[in-house]
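Chemist: In case it helps, the working numbering puts the sequence shown at residues 15 to 317.
From the three backbone atoms N, C-alpha and C, an ideal C-beta is built for every residue, glycine too.
Handing you a structure now.
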Amino acid sequence: MTEPLPFERPVQAATKAGRPTDGPALGPTGRPMPVIPDPKPVAEHGHARVVSMCNQKGGVGKTTTTINLGASLVEQGRRVLLVDFDPQGSLSVGLGLNPHEMDLTVYNLLMERDVTLHDVVVPSGVPGMDLLPSNIDLSAAEVQLVHEVAREQTLQRVLAPALAEYDVVLIDCQPSLGLLTVNALTASHGVIIPLECEYFALRGVALLKTTIDKVRERLNPGLEIDGVLGTMFDGRTLHSREVMERLVQAWGDTVFHTVIRRTVKFSDSTVAGEPITSYASGSAGADSYRQLAKEVLARWPDA
C-alpha cells in the first residue's frame, strides 16, 4: 500500500444490458451496498473524536467534505467543531467569513499564550456547529513553530479544551505534508482521506500513507485511518469506475461505501456560504453526505 499504485485496465466481466449477469446489486464502489444503521442519539456531549481531513493533493474535496460532513453530523445530534488549518482559509470562506475581517484566528491560538480557544471560536451559521477560522496569517506559523519545543503537539495542546464540549472535531488540512499537517495528525484520533476519482490523485496516496505511518510510529500511536472517500465520482465515465475499482483493490474495506458524485450544487453552496444540506437539502449531494455521516458514525467506537 505504500508503493505507487499501478493502474491497469481491468478485464471487464460479461454483462447483459450493461449489467453483471449475476450476483447482488452493487454500489458505486463495486461492492454490495450494506444497510447502514441509524446512529444512536447521544446522552451528553463531550469526549470528542478528532478527525483530520487529509490529502497532500489539492482540489480533492477536503474542504467541501469538512463542511458538509460536519453539517450532516449536526443533523444526527452531534456538536461539531470545524478547524480551518489551511492558510488559504477556504473553510472559513466556504462558511461565509471574510478572511480580511478576522480579529483572531487559529494562528493567534497557536502562537499567543494569552489567547484561548473560546476567544477564537465563532458560529458557523449552522446551529450546533462552530468554527476555528483561519487566513493567510497561518502560513507564518509553519516557520515559527520550527523553533518551538514539542512543535508537533502544538495544535493538540490548544484543542484540548474542545474535547469536553464537542462530539466531533474536524480539521481541514492544507494540501501538503508539512509541519501543520503533522500537527493535525498528531492531534487526531482518525484520518479521513478524500480522494478524487482520477488517476493522478490515486498515485499520491502512497506518500500520504507513509506519512500517516510515521506519525503513528513516532508521535501518535492511536492514530487510525477512518476511511478513504471517493469524491468527484462520475459513474458515466470508464475512468472514474476504473479508479474506484483500483482504489478498492488497494484499500479494501477502508474505502467508504458512500461516494460523492460530481454536481454543480457543491460550487453553488460554497458561493452561498453554507453547507449543501441547507442550501440544497433535497439534492443528491446532500443525501450522500448524510449517508456518509451515518457510515462514519457506524465506524467510530463509542460514537
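1) In the DSSP assignment, the beta strand (DSSP E) including Arg-63 goes from what residue to what residue?
2) Classify Arg-260 as buried or exposed, calling it buried when 16 or more other Cβ atoms lie within 10 Å of its own Cβ.
3) Note down, in chain order, each residue of its chain lying with its Cβ closer than 7 Å to the Cβ of Gly-84, except the 5 sequence neighbours on either side.
4) Under 8 Å by Cβ, that's how I've got Leu-209 and Val-219 pegged, so tell me the actual separation to the nearest angstrom.
5) Alpha carbons only, please: which of Gly-287, Thr-78, Pro-315, Arg-232 is nearest the one belonging to Thr-200?
6) Does the Cβ of Gly-299 have 16 or more other Cβ atoms within 10 Å, making it buried, or fewer, making it exposed?
7) Return the Cβ separation of Val-120 and Pro-147 in integer angstroms, given the expectation that the two are a contact with Cβ distance under 8 Å.
8) Taking the Cβ atom as the reference point for each residue, do Ser-138 and Tyr-303 lie within a distance shorter than 7 Å?
9) Can you tell me where the alpha helix (DSSP H) holding Ser-86 begins and where it ends?
10) Report yes or no: do three or more beta-carbon pairs, one from the region 145-161 and one from the region 96-106, lie closer than 8 Å?
11) Tell me the DSSP bridge mates of Glu-210?
12) To the nearest angstrom, how far is it from the Cα of Thr-168 to the Cα of Phe-280?
13) Tell me the rounded alpha-carbon separation between Glu-156 and Leu-193.
Modeler: So, from the listed chains and residues:
1) Counting from 1 along the sequence shown, the entry for residue 63 is found at position 49. Element bounds for Arg-63: 63-67.
2) As a working note, residue 260 is residue 246 in the sequence shown. So Arg-260 counts as buried.
3) Mapped onto the sequence shown, residue 84 falls at position 70. Only Val-94, Leu-96, Met-143, Leu-184 meet the Cβ criterion.
4) Working through the sequence shown from its first residue, we reach residue 209 at position 195. Working through the sequence shown from its first residue, we reach residue 219 at position 205. For Leu-209 against Val-219, the beta-carbon gap comes to about 6 Å, under 8 Å, which counts as contact.
5) Taking the sequence shown and counting its residues from 1, the one referred to as residue 200 is at position 186. Comparing Cα-Cα distances from Thr-200 to each of Gly-287, Thr-78, Pro-315, Arg-232, the minimum goes to Arg-232.
6) Taking the sequence shown and counting its residues from 1, the one referred to as residue 299 is at position 285. Buried is the call here.
7) What you label residue 120 is simply residue 106 of the sequence shown in a count that begins at 1. What you label residue 147 is simply residue 133 of the sequence shown in a count that begins at 1. Indeed they touch by this definition, with Cβ atoms about 7 Å apart.
8) As a working mapping, residue 138 is identified with position 124 in the sequence shown. As a working mapping, residue 303 is identified with position 289 in the sequence shown. No, the pair does not count as a contact, with Cβ atoms beyond the cut-off.
9) Here residue 86 refers to the residue found at position 72 when the sequence shown is read from its first residue. Taken as a continuous stretch (DSSP letters only), the alpha helix (DSSP H) holding Ser-86 covers 76-89.
10) yes
11) Position 196 of the sequence shown holds residue 210. Answer is Thr-245.
12) Working through the sequence shown from its first residue, we reach residue 168 at position 154. Working through the sequence shown from its first residue, we reach residue 280 at position 266. Cα to Cα, Thr-168 sits roughly 33 Å from Phe-280.
13) Position 142 of the sequence shown, counting from 1, holds the residue named residue 156. Position 179 of the sequence shown, counting from 1, holds the residue named residue 193. The straight-line gap from Cα to Cα measures roughly 6 Å.
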